[in-house]
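Quick note: this note's numbering has the sequence shown finishing at residue 697, numbered continuously throughout. Following: one structure in structure tokens, then a few remarks.
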Amino acid sequence: MTKKIFRSIMLVSVIAMLLGLVSVTGILYQNFGDQIYTELEREAAYLASGVELEGVAYLENLNDEDRITYIDGDGTVLYDNQADQSSMENHNQREEVREAAVTGSGSAVRMSSTLSEMTIYYALRLEDGTILRVSSTRASVLALVLQMLPALLLIFAVMILFSSAFAIRLSRNVVRPINELDLEHPEDSHIYEEVEPLLSRLYRQNRQIQGQIEAARRQQEEFSLITENMQEGLLVIDRYTMILSGNSGVARLFRVKQVKVGESVYALNRSEDFRRLIENVLEGRHQDTVLQLDGSHVQVIGDPAMDGGSLEGAVILLMDVTEKVERERFRREFSANVSHELKTPLTSISGFAEIMQSGFVKEEDTRAFAGRIYKEAQRLISLVGDVIKISQLDEGEVPYQWEEVDLHDLAREVFASLHAAAEKKNVHLYMEGGSAVLSTVRPIMEEILFNICDNAVKYNRENGEVFLRLQDSENEVQVMVRDNGIGIPKEDQERIFERFYRVDKSHSKAIGGTGLGLSIVKHGVHFLGGKLSLLSEPGRGTEITLWFHKKRTEKEGKESE
Ligand code: ADP
């Protein structure tokens, strides 16, 4: 802008200077010409009176710088002070002479052949009809200008210098207030009247933009508040797979330090499945898939983001479904196991019944066959009973009430119910500790104690011992059941709490085990908010310890095997 103003000022200055110089030169030249003309007129009048008194002799005695020509009425030159009159041509066709002959006086201006000089003629008719002509020669305008050129150029240069200095100052002065405008607060600036409308428009736009920024900031805050508190990962990408936004859930699920905006979404996960999902979503298709990431399962739901019919990017939702996938896998395995466990006794029952039906069984063997059928049926009943219990614990829908229970009484009842079985194996049952009251779900606690003590008897040896100790402290109750039975090998200790896991399958089955007892114990302890630990050594025995809060505590999450 400064340059433009500078150039405009300079242009105007140069034009003004040129016009000024031309007009001054013209006026001067004109004045000069007029002056010469007046002088010639005066000189002619003065000479005319001399000639009328003394004739040509008067002219011959004169010593004049201007040219004087005395012409007869017919145009013949009678005298000329600068040329030989006899060699001069007839002058009656000369403009000034003709005019003087008619009107009494005449004038003319004639240029030299080089245009560098011009001659002004003034002719005056005398009383006797002769004509006296006076002329003066001077430089033409062109010559005059050429003569004055160095001086003119000098003046021009000086003026240009002044003009440019002035133009620079002026243009800077004009632009400075505009440059120094406070665009944040245009309403406080009052520089030029002409820019007031612009400033007020700026002010209005500023307020509008500030309002929009504030609204966008608030929306961003709300968005972050929502997305950062989400368990799920939320990812927004553009159509070129660049990340536009991603919450901390994305970083957590993909196990990266942070989600970098502007980076390709493929930097988060380079698996083929993820790549295909992104490609399909960016082709406008809804996608839903589960990715497997180092032991976890992430469900990825992708939806194309459309704007007025054109695809702008995609919104991707990530959810940790590890627990769900594991639970499903677990359920499938459990169903398969249950079916298998049910099939074995049912096949036996069906086989025995078929043989009996065929009539091949002797009278005396019928009781034995019926006994086998009964035993298998009992196995089925306890299996189905255990499956029901474990399913109820799984679903967290145990239809029992929390109540105050004395574990000492409960343990005695359990011991009593195991009395016959223990006696059969010659296993001795001992108990230590007094009353220990706590808030619990009686049937679950009973099932836990029974299963542990039952195993301690079942997997014991002849003349073995089962020792139960109750310890009542301020906030919790500790139950320890120790036997000196067969013990559990180190490598199986982790797995015995799994469903249907048995160290010695045939032995377990032979003694009526379902393989669900310890699994029920583990679930039950978790349901009651307790803890358990196992110590065992093959050949020496097993010790299981349980801890329970005295006051009811809610379980934390669902138990998984
Ligand atoms: P089961 O119905 O077969 O007894 P459990 O779930 O109760 O099933 O026990 C799982 C397995 O752990 C048993 O099959 C057995 O091999 C082992 N086990 C459990 N308790 C004891 C124990 N006190 N001593 C030795 N082995 C045990």
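Even glycine gets a Cβ: it sits at the ideal position worked out from N, Cα and C. This structure is a prediction, so every number in the text was calculated from the model and none was measured.
Within 7 angstroms, strictly: CB atoms of residue 617 and residue 680:
Reading the sequence shown from its first residue, position 481 is the one you call residue 617. Reading the sequence shown from its first residue, position 544 is the one you call residue 680. Yes.
Counting C-beta neighbours from all protein chains within 10 Å, is the total for residue 623 16 or more, i.e. buried, or is it exposed?
Against the sequence shown, residue 623 aligns to sequence position 487. Under this definition residue 623 is a buried residue.
Per-residue DSSP class, three states only, for residue 522:
Here residue 522 refers to the residue found at position 386 of the sequence shown. It is helical.
Among 141, 221, 659, which has the Cα closest to the Cα of residue 312?
The residue labelled residue 312 in the question sits at position 176 within the sequence shown. Nearest C-alpha to residue 312: 141.
4 or more residues per run - each alpha helix (DSSP H) lying fully within the stretch 618-671
626-629, 641-646, 653-663
Alpha-carbon spacing of residue 304 relative to residue 176, whole angstroms:
Position 168 of the sequence shown holds residue 304. Position 40 of the sequence shown holds residue 176. Going from the Cα of residue 304 to the Cα of residue 176 covers about 51 angstroms.
Compare the beta carbon distance of residue 242 and residue 219 with 7 angstroms and say whether it is the shorter of the two.
Within the sequence shown, the letter at position 106 stands for residue 242. Within the sequence shown, the letter at position 83 stands for residue 219. Result no, Cβ atoms of residue 242 and residue 219 do not sit closer than 7 angstroms.
Helix, strand or coil for residue 555? Go by DSSP, reduced to three states.
Position 419 of the sequence shown holds residue 555. It is helical.
With burial defined as no fewer than 16 other Cβ atoms inside 10 Å of the residue's Cβ, what is the status of residue 346: buried or exposed?
Taking the sequence shown and counting its residues from 1, one reaches residue 346 at position 210. Exposed: under 16 other Cβ atoms inside 10 Å.
Is there at least one non-hydrogen atom of the ligand ADP closer than 6 angstroms to the beta-carbon of residue 521?
In the sequence shown, the residue the question calls residue 521 occupies position 385. No.
Using the C-alpha atoms, what's the distance from residue 332 back to residue 715?
Past the edges of the chain, shown from 137 to 697, lies residue 715, and the structure says nothing about it.
Can the beta-carbon of residue 457 be found less than 7 angstroms from the beta-carbon of residue 428?
What you label residue 457 is simply residue 321 of the sequence shown in a count that begins at 1. What you label residue 428 is simply residue 292 of the sequence shown in a count that begins at 1. In this structure, residue 428 does not lie closer than 7 angstroms to residue 457 by Cβ.
Does the beta-carbon of residue 183 have 16 or more other beta-carbons within 10 angstroms, so that it is buried, or is it exposed?
The count along the sequence shown starts at 1 and reaches residue 183 at position 47. Residue 183 is buried by the Cβ-count criterion.
Which complete alpha helix (DSSP H) runs does the stretch 441-502 hold, if anything under 4 residues is left out?
458-494
Applying the criterion that 16 or more other CB atoms from any shown protein chain within 10 Å of the CB defines a buried residue, is residue 517 buried or exposed?
Translated into positions along the sequence shown, residue 517 becomes position 381. Classification for residue 517: exposed.
C-beta atoms of residue 543 and residue 663 nearer than 7 angstroms
Residue numbering aside, residue 543 sits at position 407 when the sequence shown is read from its first letter. Residue numbering aside, residue 663 sits at position 527 when the sequence shown is read from its first letter. No. Outside cutoff.
Indicate, with yes or no, if the ligand ADP has a heavy atom lying under 6 angstroms from the CB of residue 619.
Translated into the one-based positions of the sequence shown, residue 619 becomes position 483. Yes, the beta carbon of residue 619 sits closer than 6 angstroms to at least one heavy atom of the ligand ADP.
Following a CB-centred definition, is residue 375 positioned closer than 6 angstroms to any heavy atom of the ligand ADP?
The residue given as residue 375 occupies position 239 in the sequence shown. The answer is no for residue 375.
Report buried or exposed for residue 476, applying the criterion of at least 16 other Cβ atoms within 10 angstroms of its Cβ.
Residue numbering aside, residue 476 sits at position 340 when the sequence shown is read from its first letter. Per the 10 Å Cβ criterion, exposed.
The ligand ADP and residue 681: does the residue's C-beta get closer than 6 angstroms to at least one heavy atom of that ligand?
Position 545 of the sequence shown, counted from the first residue, corresponds to residue 681. For the ligand ADP, not one heavy atom lies less than 6 angstroms from the Cβ of residue 681.
Would you mind reading off the limits of the beta strand (DSSP E) that contains residue 681?
Indexing the sequence shown from 1 puts residue 681 at position 545. Per DSSP, residue 681 belongs to the beta strand (DSSP E) from 677-685.
What are the complete alpha helix (DSSP H) segments, minimum 4 residues, inside the stretch 408-446?
408-417
Where do the ends of the beta strand (DSSP E) carrying residue 258 lie?
Position 122 of the sequence shown, counted from the start, is the residue given in the question as residue 258. Taken as a continuous stretch (DSSP letters only), the beta strand (DSSP E) holding residue 258 covers 253-261.
Would you say the beta carbon of residue 558 is closer than 6 angstroms to some non-hydrogen atom of the ligand ADP?
Working through the sequence shown from its first residue, we reach residue 558 at position 422. No, the Cβ of residue 558 stays beyond 6 angstroms of every heavy atom of the ligand ADP.
Using 6 angstroms as the cut-off, classify the Cβ of residue 591 as near or not near the heavy atoms of the ligand ADP, replying yes or no.
By 1-based counting over the sequence shown, the position of residue 591 is 455. Residue 591 Cβ: within cutoff of the ligand ADP.
Pull up the DSSP beta-bridge partners for residue 207, would you.
Mapped onto the sequence shown, residue 207 falls at position 71. Answer is 213, 267, bridged to residue 207.
May I ask you to report which of helix, strand or coil DSSP gives residue 351?
For the purposes of this step, residue 351 is taken as the residue at position 215 of the sequence shown. Residue 351: helix per DSSP, three-state reduction.
Taking only the alpha-carbon atoms, compute the straight-line gap between residue 452 and residue 443 and give it to the nearest angstrom.
Counted from its first residue, the sequence shown places residue 452 at position 316. Counted from its first residue, the sequence shown places residue 443 at position 307. Cα to Cα, residue 452 sits roughly 16 angstroms from residue 443.
From what residue to what residue does the alpha helix (DSSP H) around residue 281 run?
For the purposes of this step, residue 281 is identified with residue 145 of the sequence shown, where counting begins at 1. Taken as a continuous stretch (DSSP letters only), the alpha helix (DSSP H) holding residue 281 covers 277-315.
Going by beta-carbon coordinates alone, are residue 683 and residue 612 separated by less than 7 angstroms?
Counting from one through the sequence shown, the residue named residue 683 turns up at place 547. Counting from one through the sequence shown, the residue named residue 612 turns up at place 476. Contact flag set, yes.
Could you give the DSSP three-state label for residue 566: helix, strand or coil?
The count along the sequence shown starts at 1 and reaches residue 566 at position 430. Strand, per DSSP.
Just to confirm, is the Cβ distance from residue 631 to residue 651 under 7 angstroms?
Translated into the one-based positions of the sequence shown, residue 631 becomes position 495. Translated into the one-based positions of the sequence shown, residue 651 becomes position 515. Not closer than 7 angstroms, so no.
With C-beta atoms as the reference, is residue 249 less than 7 angstroms away from residue 276?
Position 113 of the sequence shown, counting from 1, holds the residue named residue 249. Position 140 of the sequence shown, counting from 1, holds the residue named residue 276. Contact: no.
What's the gap between the Cα of residue 621 and the Cα of residue 395?
Your numbering for residue 621 matches position 485 in the sequence shown. Your numbering for residue 395 matches position 259 in the sequence shown. Taking the straight line joining both Cα atoms gives about 56 angstroms.
On the three-state DSSP scale, how would you describe residue 247?
Indexing the sequence shown from 1 puts residue 247 at position 111. Of the three classes helix, strand and coil, the one that applies to residue 247 here is strand, per DSSP.
Buried or exposed: where does residue 687 fall if 16 or more other Cβ atoms within 10 Å of its Cβ makes it buried?
Position 551 of the sequence shown, counting from 1, holds the residue named residue 687. Residue 687 comes out exposed.
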